[in-house]
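Novice:
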Amino acid sequence: MNKNTIIGFVLIGLIMFGFSWFQTKQQREQMAYQAQLDSIAMVEQMAAMALDSAKRAEGLVTDGEMSGVKVMNMPAYKDSLLTEARLAEAQIVKIANEKVELEFTTRGAQPYSVKINDYMTYDSSALYLIKPDMSQYNISIYAGESINTKDFAFNIHEVTDSSVVMRLPFAQGGYIEQKYWLPEGSYMLQNELSFVGMDEVIPRNVSMFDIDWSFVIPRLEKGYKNEKQYSKMNYYFDGDKKPEIAARGKDDSKSVNTRLSWFAFQQQFFSAIMTPANDFASADLSVKYYGEDDPSRNLMACSAKLRSEYTPMPGKVTLPYEFYFGPNDYRTLKSFDNKYEKIVPLGGWMVAWFSRLVIIPSFDFLGRFISNYGLVILIMTILIKLLISPLTIKSYKSTAKMQVIKPEIDKLNAKYPNEKDAMKKQQATMELYQKAGISPMGGCLPMLLQMPILFAMFRFFPASIELRGEKLWWADDLSSYDSILNLPFNIPFYGNHVSLFAIMMSAMLVISSLVNMRNTGQQQMPGMKFMMVWMMPIMMLFFMNNYASGLCYYYFLSSLITLIQMFIVRSMIDDNKVRAKMAENAKKPRKKSKFHQRYEEALKAQQAQLREQQRRNGR
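Below, the structure written as structure tokens:
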């Protein structure tokens, strides 16, 4: 055999050896991954849970019948204790503190219901983040055979008012233990999943197990549109600036193939957050939203399929987890120092900083001393106006001066009536502004600087749990829409109710636009005037009719205070002094500002371009 033949045989031998090794490895791991295959049906079971619960509520299926169905479909287990646990009756145990009340079922040693104690639903009912029997939490692992903890009734080992320990024993020795406890005054449920003496039961090559958690969050707020819009699914990677959003207001799913620090199923004002001590290896997350006409008044069905690492060792293997069941309160979430506060929708980086640095601290401080949040919003509006008053006063002075020079502006309009003289009119207007000491950007710049504040408020009010359930005059919830009249029909883009705060806000926008146009002395095209004075307020009326009444109230107050400031500043302007200054500036050699110089250069360039175009057209 030559050299090439020998090399060929060696390569073929290496390939066959590698293939054999790989095939053997796959066979060893197949049983370990069986647990993952067994959990595929969990997504379909979400809808089945809601259907089963509805049937029970209607008396169509009894618990006994459901148990009978489960028994008939029960698989056979090699372990006799597992068979006994499969047939055993489930029990319900409860633990609670002043914040949260949780029920657990021994079948699967899993949460059965979650009730938030210090909050109510919009109709003053008990607030269940998870209603009874609308949750399923399952551990899937290979222990000589495929084990799904949801199928077995655990034994209650220990129970107190704030803790419970449940165990699933195996005939070969050892047990799976679920320990839950609620620290005093906390929304955080602590959990320890332990595999005790299971080193002889769980094969050494098993390095992963699955956690499958699915539940249904009911509707808790008055306005379905807002509640759905602000209910979403978040997940967070350690080191990220903010959580990733996998679903927001629409059915969606997300496969996360990298390590995951925590995930959150988030209702508008309340969340369920799960955090492992060590990151999840991967996750499949999904959310399905129910329609507004759902008879069970469910909001969304949530599902999380999580891969967790398992390190086999003699004795006891313990894996800690944390479950947050509570409000989306910025301070509360931030106190856990795990970036949970990032789920509160404060807007992008351009506006979120203002909410974090100004709005939230102001609300917290004022809320300690004032119980009426209508008054809190009023005071905060005044404080914000005072904060930006140096800019706005300068803007209002420019506006007031424009009203003084309105006769001169009218003369320029009469002097240059034709469109071809538009550039000459612009140049003459700029010279007039310079004589009067008016900055062309004086009115625009303060408005631009206020935009982040307006957008920050737009994001803050619908997401502020401080306003939830707070009443003001006819509004019964400042975080939702107010209604003075319920309509027997639905108007597209408007709704089936009439919001008085939205009407007040829109009316104030009309008044502000009219006053501003009169004060500036500028002539608007008829179409533009209609757009600014009427069309924009009407569009805002339709848009804000279903929005938070607290936001409409704030916009109303902001516009009202702006008008008052304008009238005060206008009263401080002496018309004669402005005209005297104009006459004095007309006599002096003009020192043009950089802005005026650039503006004139731009005008000259436009004029030259226009003349060149006219010359070419003349040819």
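Numbering-wise (this note's numbering), the sequence shown opens with residue 214 and increments by one. For every residue, glycine included, the Cβ atom is placed at its ideal position computed from N, Cα and C. Here the structure is a predicted model, which is why all the values come from computation and not from measurement.
#1: Secondary structure at residue 272, three-state DSSP: helix, strand or coil?
#2: Would you decide whether residue 392 is buried or exposed? Buried here means 16 or more other CB atoms lie within 10 Å of its CB.
#3: Using 8 Å as the threshold, is the C-beta distance between residue 306 and residue 409 below it?
#4: In the DSSP assignment, find the unbroken alpha helix (DSSP H) run with residue 439 in it and report its ends.
#5: If I'm right that residue 211 touches residue 525 with Cβ under 8 Å, what's the distance once you round it to whole angstroms?
#6: Quick one: what's residue 710 bridged to in DSSP?
#7: So for residue 256, helix, strand or coil by DSSP?
#8: Distance, Cα to Cα, residue 323 vs residue 504?
#9: May I ask which residues mark the beginning and end of the beta strand (DSSP E) holding residue 564?
#10: Taking the Cβ atom as the reference point for each residue, do residue 501 and residue 464 lie within a distance shorter than 8 Å?
#11: Of all the options 594, 558, 428, 528, which has the alpha carbon lying nearest to the alpha carbon of residue 515?
#12: Could you tell me whether the region 429-436 touches the region 370-390, where touching means 3 or more Cβ pairs closer than 8 Å?
#13: Buried or exposed, going by whether 16 or more other CB atoms sit within 10 Å of the CB of residue 570?
#14: Between which two residues does the beta strand (DSSP E) harbouring residue 530 extend?
#15: Do residue 556 and residue 456 count as a contact pair if the criterion is CB distance below 8 Å?
#16: Quick check on the burial criterion: 16 or more other C-beta atoms within 10 angstroms. Buried or exposed for residue 561?
#17: Give me the Cα-Cα distance between residue 580 and residue 486, rounded to the nearest whole angstrom.
#18: Residue 356: which of 551, 381, 746, 706 sits nearest, CA to CA?
#19: Would residue 361 and residue 534 be called neighbours here (beta carbons separated by less than 8 Å)?
#20: Are there three or more Cβ pairs, one per stretch, closer than 8 Å when the region 706-716 is compared with the region 762-770?
#21: Would you identify the three-state DSSP class for residue 487, choosing helix, strand or coil?
#22: Under 8 Å between the Cβ atoms of residue 539 and residue 312?
#23: Hey, would you say residue 666 sits closer than 8 Å to residue 576, going by beta carbons?
#24: Under the rule that 16 or more other beta-carbon atoms within 10 Å means buried, what is residue 451, buried or exposed?
#25: Ordered along the chain, which non-local residues of its own chain (more than five positions away) have a Cβ less than 8 Å from that of residue 236?
#26: Please look up how many angstroms separate the CB atoms of residue 422 and residue 292, rounded, as I've assumed it's under 8 Å.
#27: Can you tell me whether residue 726 is helix, strand or coil according to DSSP?
#28: Strictly by DSSP, which residues pair up with residue 778?
#29: Assign residue 583 to one of three DSSP states: helix, strand, or coil.
#30: What does the alpha-carbon distance come out to for the pair residue 686 and residue 325?
#31: Going by alpha carbons, who is nearest to residue 604 out of 782, 364, 753, 692?
#32: Cα separation between residue 298 and residue 367?
#33: Judging by CA-CA distance, which residue of 365, 316, 358 is the nearest neighbour of residue 342?
#34: Give me, in chain order, the residues of the same chain whose beta-carbon lies closer than 7 Å to that of residue 578; leave out the 5 immediate sequence neighbours on both sides.
#35: How many Å lie between residue 493 and residue 779 at the Cα?
#36: Thinking C-alpha only, which one of 754, 755, 677 is nearest residue 443?
Specialist: So, to answer that:
#1: In the sequence shown, the residue the question calls residue 272 occupies position 59. For residue 272, the predicted model reports a pLDDT of 40, less than 50, meaning its position is unreliable and no value from the coordinates is stated.
#2: Counted from its first residue, the sequence shown places residue 392 at position 179. The C-beta of residue 392 has 16 or more other C-beta atoms within 10 Å across all chains shown, which makes the residue buried.
#3: Position 93 of the sequence shown, counted from the first residue, corresponds to residue 306. Position 196 of the sequence shown, counted from the first residue, corresponds to residue 409. No.
#4: Counting from one through the sequence shown, the residue named residue 439 turns up at place 226. 437-442 is the extent of the alpha helix (DSSP H) around residue 439.
#5: Because the chain here runs from 214 to 832, residue 211 falls outside it and cannot be looked at.
#6: On the sequence shown, position 497 is the one that residue 710 refers to. DSSP lists 699 as partners of residue 710.
#7: On the sequence shown, residue 256 is found 43 positions in, with the first residue counted as 1. Per-residue confidence for residue 256 stands at a pLDDT of 38, beneath the threshold of 50, marking its modelled position as unreliable; the derived number appears in the next sentence. Residue 256: helix per DSSP, three-state reduction.
#8: To locate residue 323, count along the sequence shown from 1; it is residue 110. To locate residue 504, count along the sequence shown from 1; it is residue 291. One C-alpha to the other measures close to 28 Å.
#9: The sequence position of residue 564 within the sequence shown is 351, counting from 1. In the DSSP annotation of this structure, residue 564 is not part of any beta strand (DSSP E); the continuous alpha helix (DSSP H) holding it starts and ends at 562-567.
#10: Here residue 501 corresponds to residue number 288 of the sequence shown, with the count starting at 1. Here residue 464 corresponds to residue number 251 of the sequence shown, with the count starting at 1. Yes, these two residues count as a Cβ contact at 8 Å.
#11: The residue given as residue 515 occupies position 302 in the sequence shown. When 594, 558, 428, 528 are compared, the shortest CA-CA separation from residue 515 is found for 428.
#12: Too few Cβ pairs lie closer than 8 Å, so no.
#13: Position 357 of the sequence shown, counting from 1, holds the residue named residue 570. So residue 570 counts as exposed.
#14: Working through the sequence shown from its first residue, we reach residue 530 at position 317. Where residue 530 is concerned, the enclosing beta strand (DSSP E) stretches over 529-540.
#15: Indexing the sequence shown from 1 puts residue 456 at position 243. Indexing the sequence shown from 1 puts residue 556 at position 343. Closer than 8 Å, so yes.
#16: Residue numbering aside, residue 561 sits at position 348 when the sequence shown is read from its first letter. Exposed: under 16 other Cβ atoms inside 10 Å.
#17: Taking the first residue of the sequence shown as position 1, residue 580 is located at position 367. Taking the first residue of the sequence shown as position 1, residue 486 is located at position 273. Cα to Cα, residue 580 sits roughly 27 Å from residue 486.
#18: Counted from its first residue, the sequence shown places residue 356 at position 143. For residue 356, the nearest C-alpha among the options comes from 381.
#19: Locating residue 361 in the sequence shown gives position 148, where the first residue counts as 1. Locating residue 534 in the sequence shown gives position 321, where the first residue counts as 1. Judged by their CB atoms, residue 361 and residue 534 are not nearer to each other than the 8 Å cut-off.
#20: Yes: the two stretches touch, three or more of their Cβ pairs being nearer than 8 Å.
#21: As a working note, residue 487 is residue 274 in the sequence shown. Reduced to three states, the DSSP call for residue 487 is strand.
#22: Against the sequence shown, residue 539 aligns to sequence position 326. Against the sequence shown, residue 312 aligns to sequence position 99. Cβ atoms of residue 539 and residue 312: closer than 8 Å.
#23: Within the sequence shown, residue 666 is the residue found at index 453, counting from 1. Within the sequence shown, residue 576 is the residue found at index 363, counting from 1. Contact: no.
#24: The residue you call residue 451 lines up with position 238 of the sequence shown. Per the 10 Å Cβ criterion, exposed.
#25: In the sequence shown, residue 236 corresponds to position 23, counting from 1. Confidence at residue 236 is low in this model, with a pLDDT of 43, below 50, so the placement of that residue should be treated as unreliable; the coordinate-derived value is given next. Scanning its chain for C-beta atoms nearer than 8 Å, with the 5 sequence neighbours on each side dropped, one finds no residue around residue 236.
#26: Position 209 of the sequence shown, counted from the start, is the residue given in the question as residue 422. Position 79 of the sequence shown, counted from the start, is the residue given in the question as residue 292. Incorrect: roughly 17 Å between the Cβ atoms, too far for contact.
#27: Within the sequence shown, the letter at position 513 stands for residue 726. Taken through DSSP and simplified to helix, strand or coil, residue 726 comes out as helix.
#28: Taking the first residue of the sequence shown as position 1, residue 778 is located at position 565. By DSSP's assignment, residue 778 forms no beta bridge with any residue.
#29: One-based indexing of the sequence shown puts residue 583 at position 370. Note: residue 583 maps to coil in three-state DSSP.
#30: The count along the sequence shown starts at 1 and reaches residue 686 at position 473. The count along the sequence shown starts at 1 and reaches residue 325 at position 112. Their Cα atoms are separated by approximately 39 Å.
#31: Numbered from 1 along the sequence shown, position 391 holds the residue referred to as residue 604. When each option's Cα is compared against that of residue 604, the closest is 782.
#32: For this step, residue 298 is matched to residue 85 along the sequence shown. For this step, residue 367 is matched to residue 154 along the sequence shown. Each residue's CA atom was taken as its position, placing residue 298 and residue 367 some 7 Å apart.
#33: Stepping through the sequence shown from its first residue, residue 342 is reached at position 129. Taking only the C-alpha atoms, the option nearest residue 342 is 316.
#34: Position 365 of the sequence shown, counted from the start, is the residue given in the question as residue 578. Excluding sequence positions up to five before and after residue 578, its CB lies less than 7 Å from no other CB in the same chain.
#35: Position 280 of the sequence shown holds residue 493. Position 566 of the sequence shown holds residue 779. Linking residue 493 to residue 779 through their CA atoms gives a straight-line distance of about 57 Å.
#36: The residue labelled residue 443 in the question sits at position 230 within the sequence shown. Comparing alpha carbon positions, the residue from 754, 755, 677 closest to residue 443 is 677.
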